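Undergrad: Position one of the sequence shown corresponds to residue 3 (my numbering), numbered consecutively onward.
Just so you know, even glycine gets a beta-carbon here, dropped at the ideal spot from N, CA and C.
All values reported here derive from a predicted model rather than from experimental measurement.
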Amino acid sequence: MANDPLMTSEFWAITGSAGNGTLFTFMPNPAGNANAASAVAGLKASGLPGEGYTLYACAAVQAWAEAVNRSGSFNADRVASALRSRPIDRFDKRRDNSASGFLVYRWRDGHVERVKKY
3 MANDPLMTSE
13 FWAITGSAGN
23 GTLFTFMPNP
33 AGNANAASAV
43 AGLKASGLPG
53 EGYTLYACAA
63 VQAWAEAVNR
73 SGSFNADRVA
83 SALRSRPIDR
93 FDKRRDNSAS
103 GFLVYRWRDG
113 HVERVKKY
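Here's what the structure looks like:
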């Protein structure tokens, strides 16, 4: 059992079929979320994988950009205040990701699948 760094196609590129059955934990995969479909398509069109932390990083940049627009400034205090001023989709009251905790995944034949029963 490994952890989240295995949620990348680079793992399979290195291990090939020897990686079959490897279990690891990761947050709910945002690539399967319909709200992320355009971001995944845009990343893939640019030759970048829409996997792992990539989409979480994109969401963080979008939240920051929205706060910059709200505040009209790059000043850190103003941006932070703007982030707190209104809810941001998918974040809870504490400003943490509202998606449920970690799940278990498995590498199988070059693809990641969620393990529902273990």
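When burial is assigned at 16 or more other CB atoms within 10 Å of the CB, is L8 buried or exposed?
TA: Residue 8 sits at position 6 when you count from the first residue of the sequence shown. That one is buried.
Undergrad: In the DSSP output, what is W109 paired with across the bridge?
TA: Taking the sequence shown and counting its residues from 1, one reaches residue 109 at position 107. According to DSSP, which records beta bridges pairwise, W109 is partnered with V114.
Undergrad: Should G54 go down as buried or exposed, given a rule of 16 or more other Cβ atoms within 10 Å for buried?
TA: Residue mapping note: residue 54 aligns to position 52 of the sequence shown, counting from 1. By the neighbour-count rule (16 or more Cβ atoms within 10 Å), G54 is buried.
Undergrad: In the DSSP assignment, find the unbroken beta strand (DSSP E) run with F26 in it and report its ends.
TA: Residue 26 sits at position 24 when you count from the first residue of the sequence shown. Note, F26: beta strand (DSSP E), L25 to F28.
Undergrad: Considering K119, what are the terminal residues of the alpha helix (DSSP H) in which it resides?
TA: The count along the sequence shown starts at 1 and reaches residue 119 at position 117. Counting along the chain, K119 falls outside any alpha helix (DSSP H), and DSSP gives it neither H nor E.
Undergrad: Measure the Cβ-Cβ separation of D73 and V63 and say whether it is below 7 Å.
TA: Along the sequence shown, read from residue 1 onward, the residue named residue 73 stands at position 71. Along the sequence shown, read from residue 1 onward, the residue named residue 63 stands at position 61. Here residue 73 is Ser; the residue named in the question, Asp, does not match the sequence. Cβ atoms of S73 and V63: not closer than 7 Å.
Undergrad: Nearest to A123 by CA position, among W109, N5, L57 and T10, is which residue?
TA: Residue 123 is absent from the structure shown; the chain starts at 3 and stops at 120.
Undergrad: Going by DSSP, name the residue or residues bridged to A62.
TA: In the sequence shown, residue 62 corresponds to position 60, counting from 1. The partner list for A62 (beta bridge, DSSP) is empty, contrary to what the question assumes.
Undergrad: Could you compute how far the alpha carbon of W14 sits from the alpha carbon of D79?
TA: Counting from 1 along the sequence shown, the entry for residue 14 is found at position 12. Counting from 1 along the sequence shown, the entry for residue 79 is found at position 77. Roughly 42 Å separates the two Cα atoms.
Undergrad: Are at least three pairs of beta-carbons, each pair with one atom in the stretch 22-29 and one in the stretch 39-48, less than 8 Å apart?
TA: No, they do not touch.
Undergrad: Let's test the definition: count the other Cβ atoms within 10 Å of the Cβ of A150 and tell me whether it reaches 16, buried, or not, exposed.
TA: Lying before the first or after the last residue shown, residue 150 is absent from the chain, which here runs from 3 to 120.
Undergrad: Closest to D111 by C-alpha separation, out of D6, S19, A41 and L105, would be which residue?
TA: For the purposes of this step, residue 111 is taken as residue 109 along the sequence shown, with counting starting at 1. The option with the nearest alpha carbon to D111 is S19.
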